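Since the structure comes first, as structure tokens, the remarks are kept for the end.
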Amino acid sequence: MRYMQPFVTEVDFASGALSSPGYVIQRKLSDMAAMYADEAAASRILAQEGDRLIYEVQGVELPAEEGQIPHCTTRILPGRVGAEYHMTKGHYHARREQGEVYFGLSGRGYLVMQTESGETSVQEMVAGSAAYVPPYWAHRTVNVGDEDFVFFSVWEARAGHDYGTIERDGFRKLVVMRDGGPLVADNPNYT
Ligand SMILES: [Fe+2]
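Numbered by the numbering used here, the letters in the sequence shown go through residues 981 to 1171 in order.
In structure tokens:
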């Protein structure tokens, strides 16, 4: 393990901006159109309005070594694709036995989780919520409000990201607007 100097990063709670991000990732609708249940709605938005920023991640750059604790912010913009609220791609950890902690900074969201053995859990997060994603649970966040939903994430460096399983199978549950508010529904496309 390498020896490092301590450091502090300033976090803007409203935007998730870091004072000196090591990396910034932007996910647009075109990057994840197939992940929305209503793919026709995604295609319509892309054709009529053009591409749209769904979420942005800003993180500190750390070596992927045992003992390192990467951390980042995620800002999900408000909006929907069809009835489905804007969301992250979601992932399992490549090392399934690694958990993660989320801390809500602003806005309002749902944390959608599932295990490979078929359990699901959906938790609400607001500013001040500390949410625990235990080992073995895939996790996706959803902005169910009408302002940015911003949260801070902390995980272990060797957890790794397995996006492929979710890209292939999807999540069992999706979050849609019904009667003006969020409703957790079964995903008709889940395989
Ligand atoms: Fe994660």
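All residues carry an ideal CB built from backbone N, CA and C; glycine is no exception. Bear in mind that the values here come from a model prediction, so they are computed numbers and not experimental data.
Check whether residue i and residue j have beta carbons under 8 Å apart
| i | j | result |
| --- | --- | --- |
| A1110 | Q1103 | no |
| V1134 | H1071 | no |
| Y1065 | V1124 | yes |
| P1058 | D1166 | no |
| A1074 | G1140 | yes |
| V1040 | G1002 | yes |
| L1009 | V1061 | yes |
| L1091 | T1053 | no |
Residues bridged to residue i [DSSP beta-bridge criterion]
| i | result |
| --- | --- |
| E1064 | V1061 and V1156 |
| V1040 | DSSP lists no partner for V1040. |
| Y1035 | R1007 and I1056 |
| Q1103 | L1091 |
Beta strand (DSSP E) segment containing residue i, residue limits
| i | result |
| --- | --- |
| M984 | Premise fails: M984 is in no beta strand (DSSP E) and is neither H nor E. |
| S1133 | F1129 to W1135 |
| M1015 | From DSSP, M1015 is part of no beta strand (DSSP E); its letter is neither H nor E. |
| I1056 | H1051 to I1056 |
| S1086 | E1080 to S1086 |
Reduced DSSP category for residue i - H, G, I as helix; E, B as strand; rest coil
| i | result |
| --- | --- |
| Q1028 | helix |
| S1000 | coil |
| S1097 | coil |
| R1138 | helix |
| A1118 | strand |
| A1022 | helix |
Residue i, enclosing alpha helix (DSSP H) - first and last residue
| i | result |
| --- | --- |
| D1011 | L1009 to M1012 |
| R1144 | Contrary to the premise, residue 1144 reads as Gly rather than Arg in this sequence. Residues G1144 to D1149. |
Residue-chain proximity (residue i, chain C), Cβ-Cβ < 8 Å
| i | result |
| --- | --- |
| T1068 | Protein chains in the displayed structure number just one, and chain C is not present. |
Residue i versus residue j: straight-line alpha-carbon distance, rounded
| i | j | result |
| --- | --- | --- |
| V1081 | V1113 | 6 Å |
| F1083 | E1029 | 33 Å |
| K1153 | R982 | 41 Å |
| G1089 | Q985 | 34 Å |
| G1079 | H1119 | 10 Å |
| R1007 | V988 | 26 Å |
| V991 | E1019 | 35 Å |
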